[in-house]
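>
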Amino acid sequence: MLASLGRSAGRLLRAGSGATGLRHAGGGVHIPPRYRQFPELTRSQVIQSELISGFMWFWIFWHFWHSSDMVLGHFPYPDPSAWTDEELGIPPDDAE
């Protein structure tokens, strides 16, 4: 126990004087910057994006068709022709 603690302390003291690790960055920029240009997409990326967006719209339309109450509400829509002028805030015809 005491020996392993001593070894750890020795490593910390030796590493404190300089850099503790080695970087493997590879030199320059991995992807060259392209100012105001669209990224180049591979055919695989285009197909994957079309499939994902197609599935997304399928999911939206499927759930809207089968669970439209979640969007439109759970109660029946009121009949606007049954509303009176007073409920709508329209003054009577003879009022000036």
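Each residue of the sequence shown is one higher than the last, beginning at 2 in my numbering. For every residue, glycine included, the Cβ atom is placed at its ideal position computed from N, Cα and C. Note that the structure is a prediction, hence the values are computed from the model and not measured.
1) I'd like the ranges of any alpha helix (DSSP H) spanning at least 4 consecutive residues and lying wholly in the stretch 40 to 90.
2) Mind checking whether the beta-carbon of Gln38 lies closer than 8 Å to any heavy atom of the ligand GTP?
3) Grouping DSSP H, G and I as helix and E and B as strand, with all else coil, what is Arg8?
4) Pull up the distance between the alpha-carbon of Ser5 and that of Val47, whole angstroms please.
With the structure as the only source:
1) 44 to 67, 70 to 73 and 86 to 89
2) Within the structure as shown, the ligand GTP is missing, as the structure has no ligands at all.
3) For this step, residue 8 is matched to residue 7 along the sequence shown. Here Arg8 sits in helix by DSSP.
4) The residue you call residue 5 lines up with position 4 of the sequence shown. The residue you call residue 47 lines up with position 46 of the sequence shown. If I take the Cα positions, the gap works out to 55 Å.
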